[in-house]
Every structure is written in structure tokens, then in C-alpha cells.
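Going by this note's numbering, the sequence shown opens with residue 63, and the numbers climb by one from there. Glycine included, each C-beta is placed from N, C-alpha and C at the ideal position. These numbers were taken from a predicted model, which means no experiment stands behind them.
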Amino acid sequence: MGGASDLVKEIVAGGALTDPAWRAAFAEVPRELFVPYYYTVSPGGARERLWRDDPDPRGQRYVVVHA
């Protein structure tokens, strides 16, 4: 699971996350729980808002949420 661990590494490298308990929490809690919807660009170029429960036909939800 690259996204969460990459985010934790970036925050730790910046010196903002020094407590091991907080570091573990950031690494373990799924970010998608806090993202009710997200925007993506459709193949035709239009923006579309997708809700957490919407179908994800292009498999972009994980990539967008963990960007």
C-alpha cells in the first residue's frame, strides 16, 4: 500500500511527525474513510464528482484518495 506509507515518509522527513504512536496511526488508518467524494476527469475531459459509494469503473478511487 504505497500511498499511505509514502505520505507517512514525507511527513516524517519534514520533521512534523515524531511520535511513534502517531506515525503508526497515520500508516494504519485508511484515508478513504475521510474522503466522502473526489473529483476526476472523464475520458472526454469533463470533471466528474464521484462519491465514496459510486461504482469505480476505471479503478481510480484508491489512486486519487492516496495521491
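query	result
Taking only three categories from DSSP, how would you classify residue 109?	strand
Which of the three DSSP states, helix, strand or coil, is assigned to residue 103?	strand
Where does residue 79 sit, in a helix, a strand or coil, going by DSSP?	coil
In the DSSP assignment, find the unbroken alpha helix (DSSP H) run with residue 91 in it and report its ends.	Per DSSP, residue 91 belongs to no alpha helix (DSSP H) and is neither H nor E.
To the nearest angstrom, how far is the alpha carbon of residue 103 from that of residue 114?	16 Å
Below 8 Å between beta carbons: does that hold for residue 99 and residue 112?	yes
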